[in-house]
Structure formats: C-alpha cells, structure tokens
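There are 2 protein chains.
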Amino acid sequence: MLPGPTNVPDRIMQAMLKPIINHRGPEFHKLYESITQNLKYVFQTKQHAFPITTSGTGIVECAVDNITNPGDKVIVPVFGVFSERLRENITRRGGKPIEIPTKWGDAPKAEQIEKTIKKEKDARAVAVVYNETSTGVTARDLPSIGEVTQKNNIVLLVDAVSILAGENLPVDKWNIDICVGGSQKCLACPPGLAVISVSQKAWEKIEKTASRPYYFDLTLTRESDAKKETPFTPAIPLFYALDEALKMIREEGLDARFKRHAECAKAFYAAFEALEIQPYSSPEARSNTVIAINVPSGVDGAQARQIMKNRYRVEIAGGMGKIKEQIFRIGCMGIVSENETLTTIGALENALNDLNYKVKTGAGLEAARKIFH
Amino acid sequence: MLPGPTNVPDRIMQAMLKPIINHRGPEFHKLYESITQNLKYVFQTKQHAFPITTSGTGIVECAVDNITNPGDKVIVPVFGVFSERLRENITRRGGKPIEIPTKWGDAPKAEQIEKTIKKEKDARAVAVVYNETSTGVTARDLPSIGEVTQKNNIVLLVDAVSILAGENLPVDKWNIDICVGGSQKCLACPPGLAVISVSQKAWEKIEKTASRPYYFDLTLTRESDAKKETPFTPAIPLFYALDEALKMIREEGLDARFKRHAECAKAFYAAFEALEIQPYSSPEARSNTVIAINVPSGVDGAQARQIMKNRYRVEIAGGMGKIKEQIFRIGCMGIVSENETLTTIGALENALNDLNYKVKTGAGLEAARKIFH
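Those protein sequences? They're chains A and B, same order as listed. Going left to right, the first sequence walks through residues 225 to 597 as this note's numbering numbers them. Going left to right, the second sequence walks through residues 225 to 597 as this note's numbering numbers them.
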C-alpha cells in the first residue's frame, strides 16, 4: 500500500513473460500502437502520447528540457518534495524557476499563477505538480490554471506521476500541453516506464528549443512514433505489462476507475476521522490517490510501520524531506478496492494498539465500512 | 539471433515475477547489493559499478554528460552508427568532438589516438566504442588506447554496450575510467537496463563537471549506492532479471563465457568462409559478439531475412545507417551455443537456396561443426 510502486495484478505480471521481440519488427509495431492508442484514452487526448523507459523524475526532466531553453523563466508552485524536484529540474536545465511558495499541505491557486504571469510577462511556461506524492495534496485548481495559461498563451506542464488514471485528468479539455505519468502508480504496472502527452502548442515550443538532450529528445520520439517504434531500445517486458494494464483500464472504464479511487479515499479519510488521526493536507486539497496522515503524537512512526509490515503484512510509507518522520503515506492507487482499504485500516488500528496508543479499535473500520455499504 | 535484444533464458524471465517491493526497503537493499557486487565481477573492477534504468544510448549520454563540460574537447574515433551517436552525444552536451575518421569495417588504432592527443593538448577525454554493433567490429587496440590515455592523464570512456560479458574487458587493468554496457546484449537479460563502471580518476573529473543532468547525475547515483538504493524509482522486475543473469554469469565463470562466445564466432566465420560469403569487417577487427557479413550479390537481404524468420524461425538483423541493405548482422551473444550457431547457419543456407542463390548446401554447417568437435 505504498504510494508507488503499487500492487500489480497477476495478469499484468504474467504479460512480462511474452517473448523478447525485435523492437524494429512488426510484432513490436502492433504492441506499440496498442499502447499509444490506449494511452490517448487515459490522457483523454487526441494529440500525442508516448511511453518512455525511465522513472517519474526522468520523465519530468524530459518535459522540462524539451520545453525550456537555458535562461527561460518557468513559473513553479513549490509545496512538497516533488515540486522541489521540478524546480531543481528547471535549474539544472539552466532555466530560471519563478517560485510560488506554497505551504506544505496546501495546494497552489489559479489566482496566484495569474498574478505571477502578469508580473513575469516573459515566462515561457507554468509547471505544476498536480498531485504532490510527498504531502497527499491534489491541486484541484488545475482546470482554472489551464484557463489562465491558455488565455496568456503560456505552455502548461503538469506532473501527474501519482494521479494519472486515478482521478479525472482530461488533458485536452483542461489545456494541458505536456502531462507526465508513471507506470508504477495508478496505472498498476511495475516501475520502470513513464508516459507523456504533448499538445500541438507544446510542439511549437519544443521545435524552437535549443540543444535538447538525446535520450529524452521528444522530436526523436515523435519521429519514431510515426513508425510505431521508440527511438532507443525499449524495456520490452514492461511494454507488455503496460499494454495489459491499459487494456484493464479500458475494460473497467475511466469513470468507474476514478469512482473506485474516490470511494476508497473517502473510506480512508472517514476511518481516520473516526480514529481522531488528522490528515496532513488541508481539507479542500486532500488527495484521493495518496492519503497522508499525521503520525499520532507519542507514536514512533517508523516502529508503527514496521509492525504493520511484519505482523500485519501491510506496507505503508513514512514522509519525505522535512516531514520524514511526521506522517504516514498510503497509496490509494491502481487496483485499490474495499479489501485493500479495510485491511490497511485494520492493520494500522492493530499496530497502534500494539504500541499502546489507545485508538477506539474497530471505529476506523466501522466508519470505512459505512462508505462502502 | 539479433545483435540485441538477445534470447533470454527462462530462469531470467521467471525472475521478473518476484513481488514488486519497496525500493527504499531492506529487500531491495539486498537485491541491489547482489547486483552491484556481481557487476563488479563482470567489469573486473574494484571501483564503482551501477545499474541504471535506461537504454544503451541513454547510458552513453549519461557517461558523456557527467564527464564533459560544455566547450570541452573529446576525442572520438567514428567508424559506425554507434560511434556517430557517441559523437552526437558530445555535440548535444555542448562539447567539441575531435573526430578520428575511421573506415567502416576497420577499428581505430592506439597510435591515431596518441597522435591526436599530442595535437589537442587540452582534450578532456577519449571516447571509444569498443564493439561497433553496426559494423561487427571490435577495437582490439583498446588496452593500448588505455595505456595512452593513462600516460596522458586523460579520461577514457568506453561504450561496451554490445560486448560486455561476451569478451574480456578488465576495466581496472585496461585503465578504463567509464565503461557502459546494456542488459539486452551479452548479459542475456531483457532490454530496459544499462550498467556503468566509474573509476576514481573519473570521479575527480565528474565532481568538477558543471550542471549535470538530473536523472543521469552519477554523483546522486553514488550517494544512493552507499545506501544500496537507486536515486530514482528503478525498474524492479528488470533488476530481478539482471540479478539472475549476473548469477548465471558467475556460475559459468567469465573465462568460460568468453571462450564460448569466441568459439561460436569462430564457427560462424568458418561457415561463411566455406560458403564464400565475406565478413563486412577487416580480419583483425572481426567481432566475436556481432557477426556482420555482406549480403551476397544478387540477393535481396530483406527478403532473405524474411524467409529465415518465417520459414526457419531464426531472426537476424540487416545493416544500419549507410550500409542498411548491404549486410546481415547476427548476434553471437549471451546464451549463444553450438545449437544456436548451427541452427542460424543452416537457416541462412536454406534461405539463400530458396532464393535460388547457389550456396554449397551443408558446407557452412560442415565447417562450423569442425570448430565445435
């Protein structure tokens, strides 16, 4: 129950055992086309969508490097570890991050972005983490942010690594120019792949970007995409897995998938309210895919997680960065259902009791069960 | 029988099905340590060796970007598609490639490198493709090249993507500072991972390199390595596969593995001599891991490969770049043995005969069998 890598269904794991094929041959072309068609469904886009062999941080770097020239200003709200990484990527590229500092646990607002755009008229892009995995925060103002960037003709880059396929994210409708996701989160796939969507407006900027890196050059990816290939050797077993994962998403349907994630999240938050354990994020910013809660005072978080893992066979994460020991993070992603939700809540209740922290045993489970029934 | 991806033993494929674990937990630490220990054995190094989730081209970019500052001169012999890519990586990084043009099919010589170093006294590095996958050429002067760079205190970067674990390559003994390999070649692993060794001399240069990229920053990799982790989410199933592949290499032993590759290569070349089919590469440069031969005149190479694949179930590759339709390339890599060698030779004899190209049927097989018995 980590906020990635998440549990992977057997059907997706088994898909990795298909033969290692020539990545320049017709069998691969068929696999590649199936993946990109279904990726467009997941991104809700009619534009380009590609799989790339790398991690979440790698695909964010790819997006930043393709859209940013050294010296370019990029507006970036910073409200957790992954938006810090986004800022770091802009700096390493030689860009100038125009930071919008945001309290950890809160989400950036469209009006802050708009005000900053008015001040920094030559900004080239706005880069936003849609779901901050480190704080359990979703930037629900994203559609309004998209309206602002669209009106001002600025590129909008969105890091959706830990939310893509877990909550509604129609990239065309919301005017998102580059959107990136990870395989090992809500797609319920093994780690090792990342995915990216690119709009026509983004291509116009990318084509004018100087000295792109090689492995992450999106114009090479687009060229190979026309041949149903990747520019460089792909992680073939993971491509099979992603293909299967995307087929499962189509079978379930995006709406049903979003509803399932939202219902499990609601059950988690109801359980923690009943147990008087506070979410870390502010109420309007609470993520449906990463549930972050404060470690109850007097409890050793690392020890509680250890007990959950060893005695109750449920692994959750601690915090990251400056709140490392302060929170628990639960991945509510991918194949999460009533079963995983209740098992996790029960394991936490038990672990806290084992540590002599008095929780009302069963109260969390009772509150969660009411959401499901 | 492609020059990568190569055939992967079931044992390695099955390893991918192990549970998707937390890449920040003790189970992963154990896996990571097993991989890096065995990688050091394969690189024959006491220095650092890391696995990174990317392709061969990606790991070459990683090596170049960590060692090169924008403006730096890097000496690079160019004698095929992958040395062209190496040159391209230097250019994209903002470096100045000092090219040593070498005829395709031939290998660069240590004396050319030495002469160029004397002329370009401020060159920062020498970058050499040890095995040109596009021409079937091995740069057998590599130990002498290492002596030259060592004497001149210049960093030596070696692209060994298609030869690592297929032929002797003791990186410490040969004074190689950065050496890169791919998972899907002689390691007999699925594609998606790359490996890299880094010497103390290389670290001294890397630490002084400006504005390294993020995903490929080797100093972050070294920091995480000390914790037995990767800096960013790794492709866990492929890490399991690599671990198993490296264990199989230890069980066989490097010397036996090199001997097996050399024997199969000898059989291939003997067969083609008997069939009067010319190798593309010059005799002293012939690779033991990529066998490149001229398509016999009058034969349509693509058609012959199609027949081999569809009728005789053996897939080999055509050429790349300017010799695309001119040669056949056979991967003599990984698990290659007498069985695969004879099957491939037989399939080619049959396909050529099917195309009414008169080869002495059986002559190739007979010559090859003599090598094995």
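C-beta atoms are modelled at their ideal positions from N, C-alpha and C, and glycine is treated no differently.
What does DSSP give as the partner residues of residue i in its beta bridges?
{"i": "V422 of chain B", "result": "B:H272 and B:I402"}
{"i": "K356 of chain A", "result": "First, the amino acid is wrong: residue 356 of chain A is Glu here, not Lys. Bridge partners of E356 of chain A: A:V361."}
{"i": "D330 of chain B", "result": "B:W328"}
{"i": "V514 of chain B", "result": "B:G555"}
{"i": "L417 of chain A", "result": "A:T277"}
{"i": "I430 of chain A", "result": "Answer is none; I430 of chain A lacks a bridge partner."}
{"i": "E335 of chain A", "result": "E335 of chain A is not bridged to any residue."}
{"i": "A494 of chain A", "result": "DSSP, once it has assigned bridges, lists no residue as partnering A494 of chain A."}
{"i": "E323 of chain B", "result": "B:V300"}
{"i": "V395 of chain B", "result": "None, per the DSSP bridge assignment."}
{"i": "V379 of chain A", "result": "A:A349"}
Which residues bound the alpha helix (DSSP H) around residue i?
{"i": "E562 of chain A", "result": "E562 to D578"}
{"i": "I388 of chain A", "result": "Before going further, note that residue 388 of chain A is Leu rather than Ile in the sequence given. Segment: none, L388 of chain A is in no alpha helix (DSSP H) and carries neither H nor E."}
{"i": "Q502 of chain B", "result": "Unbroken run through Q502 of chain B: none, as it is neither H nor E."}
{"i": "L241 of chain A", "result": "Element bounds for L241 of chain A: n/a, residue is neither H nor E."}
{"i": "Q261 of chain A", "result": "P250 to F267"}
{"i": "K375 of chain B", "result": "L366 to K375"}
{"i": "V288 of chain B", "result": "G280 to I291"}
{"i": "M532 of chain B", "result": "G525 to Y536"}
{"i": "R316 of chain B", "result": "V305 to R316"}
{"i": "A509 of chain A", "result": "Unbroken run through A509 of chain A: none, as it is neither H nor E."}
{"i": "F596 of chain A", "result": "A587 to F596"}
{"i": "L444 of chain A", "result": "L442 to D449"}
Does the beta-carbon of residue i have 16 or more other beta-carbons within 10 angstroms, so that it is buried, or is it exposed?
{"i": "T362 of chain A", "result": "buried"}
{"i": "N313 of chain B", "result": "buried"}
{"i": "R311 of chain B", "result": "buried"}
{"i": "G545 of chain B", "result": "exposed"}
{"i": "N512 of chain A", "result": "buried"}
{"i": "E539 of chain B", "result": "buried"}
{"i": "A541 of chain B", "result": "buried"}
{"i": "S358 of chain B", "result": "buried"}
{"i": "E590 of chain B", "result": "exposed"}
{"i": "E564 of chain A", "result": "buried"}
{"i": "P325 of chain A", "result": "exposed"}
{"i": "N598 of chain A", "result": "Residue 598 of chain A lies beyond the range of chain A shown here (225 to 597); nothing can be said about it."}
{"i": "A434 of chain A", "result": "exposed"}
{"i": "S407 of chain A", "result": "buried"}
{"i": "T292 of chain B", "result": "buried"}
{"i": "R317 of chain B", "result": "buried"}
{"i": "N580 of chain A", "result": "exposed"}
{"i": "H247 of chain B", "result": "buried"}
{"i": "P250 of chain B", "result": "exposed"}
{"i": "T269 of chain B", "result": "buried"}
Quick one: list the residues of chain B neighbouring residue i, beta-carbon separation under 7 Å, in chain order.
{"i": "Y438 of chain A", "result": "T281, E285, E312, N313 and R316"}
Along the chain, where does the beta strand (DSSP E) containing residue i start, and where does it finish?
{"i": "G470 of chain B", "result": "First, the amino acid is wrong: residue 470 of chain B is Leu here, not Gly. Careful: L470 of chain B lies outside any beta strand (DSSP E), inside the alpha helix (DSSP H) at I460 to E476."}
{"i": "P520 of chain B", "result": "Run containing P520 of chain B: none; DSSP gives neither H nor E here."}
{"i": "K297 of chain A", "result": "K297 to V302"}
{"i": "R553 of chain B", "result": "I551 to G555"}
Give the interface partners of residue i over in chain B, defined as CB-CB distance under 9 Å, in chain order.
{"i": "E539 of chain A", "result": "I245, N246 and G249"}
{"i": "I460 of chain A", "result": "P229, Q408, P414, P415 and G416"}
{"i": "F456 of chain A", "result": "T278, S279, G280, T281 and G282"}
Just to make sure I have the definition right: I need the residues of chain A whose C-beta is within less than 7 Å of the C-beta of residue i. Which are they?
{"i": "F274 of chain B", "result": "Near F274 of chain B there are no residues of chain A at all, since even the closest Cβ is about 14 Å away, more than 7 Å."}
{"i": "I547 of chain B", "result": "None at all; the shortest Cβ gap to chain A is about 16 Å."}
{"i": "L442 of chain B", "result": "In chain order: nothing, as chain A lies at least about 14 Å away."}
{"i": "V350 of chain B", "result": "Under the 7 Å cutoff, chain A gives no residues; its nearest Cβ is about 20 Å from V350 of chain B."}
{"i": "V232 of chain B", "result": "I244"}
{"i": "M237 of chain B", "result": "L241"}
{"i": "S435 of chain B", "result": "R316 and G318"}
Output, in chain order, the set of chain B residues within a Cβ distance shorter than 8 Å of residue i.
{"i": "V622 of chain A", "result": "Shown here, chain A extends from 225 to 597; a query on residue 622 of chain A therefore has no answer."}
What does residue i touch in chain A if you count any residue whose Cβ is under 8 Å from its own?
{"i": "S448 of chain B", "result": "Per Cβ cutoff of 8 Å: no residues; S448 of chain B is ~12 Å from chain A at best."}
{"i": "L226 of chain B", "result": "N246"}
Would you verify that the beta carbon of residue i is, or is not, closer than 7 Å to some beta carbon of chain E?
{"i": "D467 of chain B", "result": "Considering every chain present, this structure includes no chain E. Its protein chains are A and B."}
- Message: Measuring CB atoms only, is the segment 453-473 of chain A touching the segment 277-285 of chain B, in the sense that at least three cross pairs come out at less than 8 Å?
- Response: yes
- If we count Cβ pairs, one from each stretch, closer than 8 Å, do we get three or more for the segment 510-523 of chain A versus the segment 368-378 of chain A? no
- Give a yes or no on contact between the segment 414-430 of chain A and the segment 395-406 of chain A, applying the rule of three or more CB pairs nearer than 8 Å. yes
- Message: Does the segment 460-478 of chain A come into contact with the segment 490-510 of chain A, if we say contact requires no fewer than three beta-carbon pairs (one atom in each stretch) closer than 8 Å?
- Response: no
- Task: Pair every Cβ in the segment 228-241 of chain B with every Cβ in the segment 258-265 of chain B, then say whether three or more of these pairs are closer than 8 Å.
- Result: no
- Task: Please confirm if the segment 375-388 of chain A is in contact with the segment 438-447 of chain A, defined as three or more CB-CB distances below 8 Å between the two stretches.
- Result: no
- Item | At least 3 beta-carbon pairs within less than 8 Å: the segment 574-592 of chain A vs the segment 526-540 of chain A | yes
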